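In full-length UniProt numbering, the protein residues as written are 2 to 311. Beta carbons are placed, not taken as given, at the ideal position from N, Cα and C, and that holds for glycine. Just so it is clear, the structure is predicted and the values come from calculations on it, not from any experiment. Shown next, in structure tokens, is the structure this report addresses.
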Ligand code: G3H
Ligand code: 13P
Ligand code: NA
Ligand code: ZN
């Protein structure tokens, strides 16, 4: 069934695991993810960004996800990733999504509350759940000193007021993860502020927390890309043991996009390098999709712990 994340998060919170929230942009990505989840019986959040809607069109992604649900029978939540205003959230709610993120983190605290409340009201009246965000996602490397560093991370003293005034169903926080394939400087020791996560969850007992920017940037995939004509020096992500630690905590949703991109790209580059005369897209997209299937299965079983929970 197509579901909200309400039940998923409750079970994940109580069970000490996290649901994988995977970004989707085309059929091969959707098939790779959902076929993997089917093999290990895991519930899924498939998330769609504004860029994904622009690339593939809302209706195509909606129909492809419905097809994946029909094919697998898994509980799947369809989520808008990083909605930046009321209108995009409304469009996704009206268009059949069961969950939206309103990302008001770039606004003032007061404006974030106002905007998020507006989306929550529209969504809840229609049975749709909402993810909000407090704190700015940026790598620790972007921050020069401790006071600046603390200013971009989520402030635990704001979370209770934000959640109670807006009525959001989950909260994304900034503890040192960042988007993309270059999360830490070369030679820098990856570090996440688990102390902030603990303080947030102490203040919000039972409340689901979301981690963005949580790809591991799998070194093996980066190596394959670089050995087959790619150029991604110093790509680095969040170590898997830190993600496992997060999954055991109040974190109920872990967002993964970059690792999917690396898996697809590694498969295609490797195939292209070995088969320069081939030109049938089905031939080179197959190893891309296979890589995504393998990646997602490993994530679910070895990092998220959501296997067997569908
Ligand atoms: O948070 C960003 C996601 O990785 C989506 O990226 O906006 O390029 O689709 P995108
Ligand atoms: P990554 O770039 O680490 O995969 O993060 C994805 C994300 O947070 C999507 O919202
Ligand atoms: Na958890
Ligand atoms: Zn994100």
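When the options are compared against residue i, the one with the closest alpha-carbon
i, options, result
"residue 54", "72, 79, 38", "79"
"residue 50", "256, 308, 306", "256"
"residue 4", "93, 188, 26, 100", "100"
"residue 68", "266, 29, 82, 105", "29"
"residue 314", "235, 297, 119", "Residue 314 lies beyond the range of the chain shown here (2 to 311); nothing can be said about it."
"residue 66", "45, 56, 52", "45"
"residue 165", "194, 228, 121", "121"
"residue 217", "11, 244, 189", "244"
"residue 24", "297, 304, 268, 185", "297"
"residue 264", "305, 242, 222", "222"
"residue 259", "15, 8, 26", "26"
Residue range of the unbroken beta strand (DSSP E) whose run includes residue i
i, result
"residue 59", "Per DSSP, residue 59 belongs to no beta strand (DSSP E); it is in the alpha helix (DSSP H), 59-73."
"residue 79", "77-84"
"residue 23", "20-24"
"residue 28", "Premise fails: residue 28 lies in the alpha helix (DSSP H), 28-41, not in any beta strand (DSSP E)."
"residue 256", "252-257"
"residue 133", "130-135"
"residue 210", "210-212"
Integer Cβ distance of residue i from residue j, believed to fall under 8 Å
i, j, result
"residue 167", "residue 135", "At roughly 10 Å, the Cβ-Cβ gap does not stay under 8 Å, so residue 167 and residue 135 are not in contact."
"residue 63", "residue 97", "5 Å"
"residue 184", "residue 239", "6 Å"
"residue 12", "residue 310", "6 Å"
Short Cβ contact (7 Å threshold) for residue i with residue j
i, j, result
"residue 173", "residue 137", "no"
"residue 270", "residue 226", "yes"
"residue 210", "residue 251", "yes"
"residue 169", "residue 204", "no"
"residue 73", "residue 39", "yes"
"residue 301", "residue 308", "yes"
Counted within 10 angstroms of its Cβ, other Cβ atoms place residue i as buried (16 or more) or exposed
i, result
"residue 171", "buried"
"residue 60", "exposed"
"residue 294", "buried"
"residue 52", "exposed"
"residue 76", "buried"
Run of the alpha helix (DSSP H) containing residue i, from where it starts to where it stops
i, result
"residue 9", "7-16"
"residue 174", "It is not in any alpha helix (DSSP H) - residue 174 instead sits in the beta strand (DSSP E) that spans 171-174."
"residue 118", "110-125"
"residue 202", "195-204"
"residue 296", "282-299"
Test: residue i CB closer than 7 Å to a CB of chain C
i, result
"residue 67", "The chain inventory of the structure shown lacks chain C, comprising one protein chain alone."
Would you list the residues whose beta-carbon is nearer than 7 Å to any heavy atom of the ligand SAH, in the order they occur in the chain?
With respect to small molecules bound, the structure shown includes the ligand G3H, the ligand 13P, the ligand NA and the ligand ZN and not the ligand SAH.
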